[in-house]
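S.K.: Numbering follows numbering that gives the first Met the number 0, in which position 35 of the sequence shown is assigned residue number 34; successive positions increment by one, without gaps.
Virtual Cβ for every residue (Gly too), placed ideally from N, Cα, C.
In this text, all values refer to a predicted model and were calculated from it rather than measured experimentally.
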Amino acid sequence: MSDRKLSSRSARVVAAGEALAGERWQSALARASGVKQQLLAMIASGEREPTDDVYRKVAAGLKKEAVRLARTSGRVHDMADRMLSELGELEED
0 MSDRKLSSRS ARVVAAGEAL AGERWQSALA RASGVKQQLL AMIASGEREP TDDVYRKVAA
60 GLKKEAVRLA RTSGRVHDMA DRMLSELGEL EED
């Protein structure tokens, strides 16, 4: 990241990407949104500002990933419950 001050939009894109995938967020957000990773890197460095179209694509990608993660979370939780149940150690959440 450069020393440039990010706009609120750029900072929001970076924060959302980091919340989604941690330090290596750019590739994950690029896949989810259809925005090139190179463009996300320029936004993160303050070199480019996200256009309305890019901002919209990022938001749509984040929503898509949130749905996917919610589904995955439920399946993982159910698997853990089954495993603990087999051991007789299932606790109520």
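V57 and V12: beta carbons closer than 7 Å?
M.R.: Result yes, Cβ atoms of V57 and V12 sit closer than 7 Å.
S.K.: Can you name, in chain order, every residue of its own chain whose Cβ lies under 8 Å from the Cβ of L19, other than the five neighbours on each side?
M.R.: Contacts found: A27, L28, A31, L61 and E64.
S.K.: Residues in its own chain within less than 6 Å of W24 by CB, not counting five upstream and five downstream?
M.R.: Here the set comprises G16 and E17.
S.K.: Return the first residue and the last residue of the alpha helix (DSSP H) that T50 is part of.
M.R.: Taken as a continuous stretch (DSSP letters only), T50 belongs to no alpha helix (DSSP H), as it is neither H nor E.
S.K.: Please name the residue, chosen from A59, M78, L38 and M82, that lies closest to S9 on a Cα-to-Cα basis.
M.R.: Taking only the C-alpha atoms, the option nearest S9 is L38.
S.K.: From which residue to which residue does the alpha helix (DSSP H) around E119 run?
M.R.: Absent from the model: residue 119. The displayed extent of the chain is 0 to 92, so no value can be given.
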